[in-house]
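This report refers to the structure that appears directly beneath it.
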DNA sequence: CGCTTCCTGACACCAAGCTGAACGCAATCG
DNA sequence: CGATTGCGTTCAGCTTGGTGTCAGGAAGCG
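Written out as C-alpha cells, the structure is:
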C-alpha cells in the first residue's frame, strides 16, 4: 500500500514511517503542503495521512482541493488534542477518519486497514444505496435514478456521516456533532428536520429510522 | 457478553444493569476505581463501561493502565454534558466511544453492539435456526431468508433470551422477567402476545410451544 | 365433549418521530 | 441600498409505531 504522510514534526514522522515500513507499506513523506501537492500530482497514493497543523498553509485546504479535483483517495487526518474544530472540519472536508496526537502506532495501523478496506471493494468511488441512489463520497455528489441531486452543506454533512458507516445506526447526538461544533449540545430537532429534507430529495427508502436510537443507511 | 460497569451513581447504574440484563448481557458493577481494578484482574470482560467522574480517583488512569498493560478490551466512557475535555482525554487514553449523560438506554445498546462488532474481527457468529432464520446475538440483528428483520426492543429482549438457551424450555415467568423489572408481576398474557408477534415476523417454526410449561427455540 | 391453555385480531394510549410554516440571517442581485 | 433569494433553525401540530390489555376463537387434552 502506498501512503503519503504529510507531517512537519520530524520525530513523529520518522516513528510513523518506521512503524509502517516495518509492516511492509510504502511511505512517502512530505513536511509541507507545497511539497505534498507536488507529490500528489506525481503519484497515486492509496491513503493520505494528513497533519492539519502545518507551517506553510492549511492542511485542510489541501484536502478540500484534492476532493474538489475529484480525488477519492482515503484520508486520515492527524490533529492535536486541543484542535477540536479541526477534526470536525476535517471530516466535513472529506476526511475518512481522524487520529488525535499522540496516538498509538498500532491504532494507526488499525485505522489504515479499516479505511483501505472500505475503499478496496469498490474501485469506482460510487456507493450504491437503496432507492436508486448513488453517492460519490469524495466528490460530494449524489445521483438519484441517474439524475444529479444537489445537497446543501448541512444536508451533506449529515448524509456523509451515515453513508460512511453503512449498516450502523447513528444516534441523533452523533449526527448532531456533524452539524455543530464538537460538544455543542443544543436541544432541538434539527437532525429530524434534515432527515426529513434528505428523504424528500432522496426518497423514503434510503434513510431508515431506528426508534429510540437514531438513523441508519444500509450498505 | 460480559460487561463491567464502573459507575458511582447508583440510580443510573441500576437502570443500565436492568436494561442490559433484560437483553441477556452479564453485567458486573463496581462503584469505584479500586473495586474495578480488582474485578478486571479476576475476569475477562468483553466491554468496559467507564464513568470518568469517580470519587476515589481518575477513571482515566484506570483506562490508561489497562491499555499500558496491553489490554485491548473495548471501552465506552460516560461523561457529563459539560465535560468536553474529559471526552477528548478519554478518546486519547484509549477509549473507543463515549456517551454523554443522560443517554438513552437503547442508544447504549447500539453503541455496545457497534463497539463489540468492531473488535470481534468483523463478522459476528450467526446462530442458525429453523425456518431460514439467522441471528447475530452481539449485533442484535435477525435475518430471515437473508432479509433483515427489524425487532422492537421488547421483541428482541424476549427472543434473545430464547436464542441464548437453545433447546431449553423457558417458562412464561422467566420470559416475563426479561420484559419487565424484576419482581412486579402482573397477571397478563403479554408474553403470549409477543410470541405471537415474533412468529408473525419470523415464521411459525422458530418458537415452539411447550404446553403447560413455556416456549423453546431449537439449537 | 368439556375444560384448560394458548393464539391473535382489535383497540387505546402515549411517546417518538415527522413536517409544514414561519422567522432570522447573510449573501446576492437589481 | 433596498429587494430577493436561499439556507439554517425553531416550533407546533400531526402522524406513526410500540406497548399492554382484552375478548373471542382455536387447539390440545382428558
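Chains as they are written, first to last, in this note's numbering: chain S, 1 to 219; chain D, 220 to 438.
Cβ coordinates follow ideal geometry from the N, Cα and C atoms, glycine included.
Small disclaimer: the values here were computed from a predicted structure and weren't measured.
Rounding to the nearest angstrom, what Cα-Cα distance links residue i and residue j in this structure?
i: residue 149 of chain S; j: residue 143 of chain S; result: 6 Å
i: residue 331 of chain D; j: residue 430 of chain D; result: 36 Å
i: residue 323 of chain D; j: residue 213 of chain S; result: 8 Å
i: residue 356 of chain D; j: residue 59 of chain S; result: 42 Å
i: residue 326 of chain D; j: residue 229 of chain D; result: 20 Å
i: residue 399 of chain D; j: residue 126 of chain S; result: 46 Å
i: residue 392 of chain D; j: residue 252 of chain D; result: 37 Å
i: residue 265 of chain D; j: residue 96 of chain S; result: 27 Å
i: residue 178 of chain S; j: residue 421 of chain D; result: 37 Å
i: residue 22 of chain S; j: residue 428 of chain D; result: 59 Å
i: residue 289 of chain D; j: residue 19 of chain S; result: 18 Å
i: residue 197 of chain S; j: residue 75 of chain S; result: 29 Å
i: residue 141 of chain S; j: residue 313 of chain D; result: 35 Å
i: residue 63 of chain S; j: residue 152 of chain S; result: 19 Å
i: residue 5 of chain S; j: residue 116 of chain S; result: 15 Å
i: residue 98 of chain S; j: residue 274 of chain D; result: 32 Å
i: residue 61 of chain S; j: residue 132 of chain S; result: 32 Å
i: residue 171 of chain S; j: residue 161 of chain S; result: 11 Å
i: residue 366 of chain D; j: residue 269 of chain D; result: 36 Å
i: residue 100 of chain S; j: residue 309 of chain D; result: 11 Å
i: residue 35 of chain S; j: residue 220 of chain D; result: 49 Å
i: residue 384 of chain D; j: residue 7 of chain S; result: 53 Å
i: residue 135 of chain S; j: residue 204 of chain S; result: 16 Å
i: residue 189 of chain S; j: residue 408 of chain D; result: 37 Å
i: residue 114 of chain S; j: residue 406 of chain D; result: 51 Å
i: residue 199 of chain D; j: residue 145 of chain S; result: Chain D is shown only over 220 to 438; residue 199 of chain D falls outside these bounds and no answer can be derived.
i: residue 286 of chain D; j: residue 305 of chain D; result: 17 Å
i: residue 284 of chain D; j: residue 321 of chain D; result: 27 Å
Just to confirm, are residue i and residue j a CB contact at a threshold of 8 Å?
i: residue 298 of chain D; j: residue 267 of chain D; result: no
i: residue 167 of chain S; j: residue 216 of chain S; result: yes
i: residue 175 of chain S; j: residue 191 of chain S; result: yes
i: residue 244 of chain D; j: residue 222 of chain D; result: yes
i: residue 374 of chain D; j: residue 413 of chain D; result: yes
i: residue 77 of chain S; j: residue 40 of chain S; result: no
i: residue 377 of chain D; j: residue 425 of chain D; result: no
i: residue 329 of chain D; j: residue 169 of chain S; result: yes
What are the boundary residues of the beta strand (DSSP E) that includes residue i?
i: residue 208 of chain S; result: 207–210
i: residue 353 of chain D; result: 352–355
i: residue 103 of chain S; result: Element bounds for residue 103 of chain S: n/a, residue is neither H nor E.
i: residue 128 of chain S; result: 126–129
How far does the alpha helix (DSSP H) with residue i in it reach, from first residue to last?
i: residue 433 of chain D; result: Looking at the DSSP string, residue 433 of chain D is not in any alpha helix (DSSP H); the run it does join, the beta strand (DSSP E), is 433–436.
i: residue 417 of chain D; result: 409–421
Q: Starting from the N-terminal side, write out each stretch of the alpha helix (DSSP H) that is 4 residues or longer and does not extend beyond the segment 139–181 of chain S.
A: The DSSP assignment places complete alpha helix (DSSP H) segments of no fewer than 4 residues inside the segment 139–181 of chain S at 153–164, 172–179, in order along the chain.
Q. Below 8 Å, can you find three or more Cβ-Cβ pairs linking the segment 24–36 of chain S to the segment 5–16 of chain S?
A. The segment 24–36 of chain S is in contact with the segment 5–16 of chain S.
Q | beta strand (DSSP E) segments (min. 3 residues) lying fully within the segment 233–296 of chain D | A | Here the runs fully enclosed are 245–249, 266–270.
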